[in-house]
Structures are given as structure tokens and as C-alpha cells.
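Residue numbers (my numbering): 880 to 1103.
For glycine and all other residues, C-beta sits at the position ideal for the given N, C-alpha and C.
Since the structure is predicted, the reported quantities are computational estimates derived from the model, not experimental observations.
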């Protein structure tokens, strides 16, 4: 079973056009094994089948790595110092842990209001020796640190996401929201301080469902 899953992961990574080392692929498999091991304790996911977990969690999160990498390459402001990324409502660390594994130069903070889920991310960071990853138990509104990228996956509506996290985003930063079907109504309802500047359709290997990434930034009038 593990061999089959590892093969499916490798094929999925190749289909997404990602270049990951054998060590990174092993870390992704180890991460999924930790989710399976601790799921009942931490209530991390409703999925129980390992094949479903691989497709709906790992490959789904991996589909955003290419777009994120492209953004980081083209953002001169963060290329020198490295990027600080916040994953809001991270749960068991999706996509934050996957980003930390695939992008070791990115400093990833996974924040969740449920303490045991933040504790699980801390456990993952220790188990996989991910020094660029930490889990924080807090509401995003209470954070004092600011980030270059604030992301979410299946967390909240776009208006709620940007409203709750606006103080955590640097003026030069971007929001990255992973969504299913294009949320046109949510985009139309965005507050005045946030503006969409790019939308990317995603194709998740082995998953016949619509996926997209909504890129947003602070409107010029809201930046002091």
C-alpha cells in the first residue's frame, strides 16, 4: 500500500511539473502517515482512506506550489530576505506543511484557533525536522507579526478571509486563497481594501473537480 501511494505521489508531482528531491517526497509521505496515525486524536480530517487523503489533501495542496513559486520568483521585495508565509485556519497543516516541505526557504506559520491542531503542526515540524515550520494556537486577528503571503485553503469566504487577516498582511504582501469553483459572488463582495489581481485555474492529478487560486493584494488607497 505504501509503495502504491508513493508511486502515485511521484506521478502526481511529475504531472504538476514540480521538481522535488527523494527526501522531500519521503517527507510528504511521512506527513501523511502522521495524519493517519493521529487523526482520531486530533480530528484532522473526515477522510479515512489513504488514497483519498493523498489526492484530496497532498496533491490538492501541491497544486498551489507552482503558482506560489512563480510569485516568489517575480517578487523582488522578498527574494533577498526570504518569504514569511501565514497559513490561516491551517487545521492539520494544509497547505502550510506541504509548502514548508517543498519550499525550504519559505518560513511558514500555521495558525489555528483549535489548540490540538496547532500542536499537531508543531509535532510534524519536530518529527520531520522542518525548521522553517511552526504551529501557532491563536485567532488570526490577534497576531502581531506581519507576513509576505497570507494563504488559506477551504477556510472561509473571501470577504471574511481578508477581513480577519488584513492586519497580518504586509502592505507589500499578497493573499493567496485556494478555492474550488471560481467564487464570483465572494469576489464581488470583497471589501474596498482588497483587490483581486490574478486568478489561476488549478488541475489536481487524479481529481475531477474545479480548483483555483485567487491572488489578492491591498488596494492602493488602503496602503499607508
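Does the beta-carbon of residue i, which I'm using as the reference point, lie nearer than 6 Å to any heavy atom of the ligand GTP?
i: residue 1007; result: No copy of the ligand GTP occurs in the structure displayed, which carries no ligand at all.
Answer yes or no: do residue i and residue j have a C-beta to C-beta separation smaller than 7 Å?
i: residue 996; j: residue 970; result: yes
i: residue 1003; j: residue 1057; result: no
i: residue 1026; j: residue 963; result: yes
i: residue 1019; j: residue 990; result: yes
i: residue 948; j: residue 1031; result: no
i: residue 940; j: residue 973; result: yes
DSSP three-state call for residue i: helix, strand or coil?
i: residue 925; result: coil
i: residue 1074; result: strand
i: residue 999; result: helix
i: residue 945; result: helix
i: residue 1034; result: coil
i: residue 919; result: helix
i: residue 975; result: helix
i: residue 1056; result: strand
i: residue 993; result: coil
i: residue 1087; result: coil
i: residue 902; result: helix
i: residue 913; result: helix
i: residue 1061; result: coil
i: residue 937; result: helix
i: residue 884; result: helix
i: residue 1069; result: coil
Going by DSSP, which residues form a beta bridge with residue i?
i: residue 986; result: 963
i: residue 1079; result: 1092
i: residue 954; result: None; residue 954 has no bridge partner.
i: residue 891; result: Beta-bridge pairing links residue 891 to no other residue.
i: residue 1014; result: 989
i: residue 1029; result: 965 and 1054
Taking just the CA atoms, how far does residue j sit from residue i?
i: residue 1036; j: residue 1073; result: 13 Å
i: residue 961; j: residue 951; result: 9 Å
i: residue 1050; j: residue 978; result: 22 Å
i: residue 936; j: residue 912; result: 12 Å
i: residue 894; j: residue 910; result: 21 Å
i: residue 1006; j: residue 918; result: 16 Å
i: residue 892; j: residue 1045; result: 32 Å
i: residue 945; j: residue 984; result: 15 Å
i: residue 1103; j: residue 1082; result: In this prediction, residue 1103 scores a pLDDT of 48, lower than 50, which makes its location untrustworthy; the coordinate-derived value is nonetheless stated afterwards. Going by the C-alpha atoms only, they are around 37 Å apart.
i: residue 898; j: residue 986; result: 20 Å
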